[in-house]
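A short write-up of the structure that comes next.
As structure tokens, this is what we get:
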């Protein structure tokens, strides 16, 4: 019996070291890290990251992050859900993207499949996603108020850990004169 407890303690210690080692190697990235350095940033494009205004339509991806463990904060827009449980979502850099305003370019959207269903309070919950980033175009169907919309994301993170956050460090804040500025998330 003592031998089992000792073995269990050793296994737990090894797993604890592996988890802490993995989290030490996780790169905390920002949205700008997902696009080429030469590509216009949201504020330069007049409206946030409209793909049609970009020479490559936002399809140039950052391959230097391929297969790397990353953490990225953004806003969750459900793709596959059952009630308040979300099985897949798009991580986008600002509120209202895809449903209330033009779609961001593919290199500014990440298709996320959580390791466990994520309990979502509302669309555009601010979250941090941790997992292995895979560049590659994926199409998703969104069911929005206007009907069905097909959007293309440039990255995926499968088996992701998802955690609620209070804010997104590099969120795009819409200009005051934008008809969409009511979508800017405010802290209560």
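In the working numbering, the protein residues as written are 82 to 269. From the three backbone atoms N, C-alpha and C, an ideal C-beta is built for every residue, glycine too.
Give the secondary structure of residue i by DSSP, where H, G and I count as helix, E and B as strand, and everything else as coil.
i	result
residue 152	strand
residue 185	coil
residue 114	helix
residue 146	helix
residue 168	strand
residue 234	strand
residue 190	coil
residue 139	coil
Assuming residue i and residue j make a contact with CB atoms under 8 Å, what is their CB distance in whole Å?
i	j	result
residue 249	residue 156	7 Å
Leaving out the 5 sequence neighbours to the left and right, which residues in its chain are closer than 6 Å to residue i when beta-carbon positions are compared?
i	result
residue 153	110 and 210
residue 193	170, 172, 210, 238 and 241
residue 128	Reliability fails at residue 128, whose pLDDT of 49 lies under 50, so the model's placement of it is uncertain and no value is given.
Go through its chain and collect everything with a Cβ distance to residue i's Cβ below 8 Å, but skip five positions before and after it.
i	result
residue 201	157, 159, 162, 165, 166, 167 and 170
residue 148	213, 214 and 215
residue 208	154, 155, 156, 157, 172, 199, 243, 244, 245 and 246
Is any beta-carbon of chain C found at less than 8 Å from that of residue i?
i	result
residue 250	No chain C appears in this structure, which consists of one protein chain only.
When you compare each of the options to residue i by their alpha carbons, which one comes out closest?
i	options	result
residue 197	212, 191, 184 and 190	212
residue 113	233, 238, 173 and 204	173
residue 108	141, 139, 146 and 116	146
residue 175	140, 151 and 204	204
residue 206	252, 235 and 139	252
residue 142	187, 183 and 219	187
residue 234	224, 106 and 179	179
Leaving out the 5 sequence neighbours to the left and right, which residues in its chain are closer than 7 Å to residue i when beta-carbon positions are compared?
i	result
residue 217	237
residue 296	Residue 296 is absent from the model: the chain starts at 82 and stops at 269.
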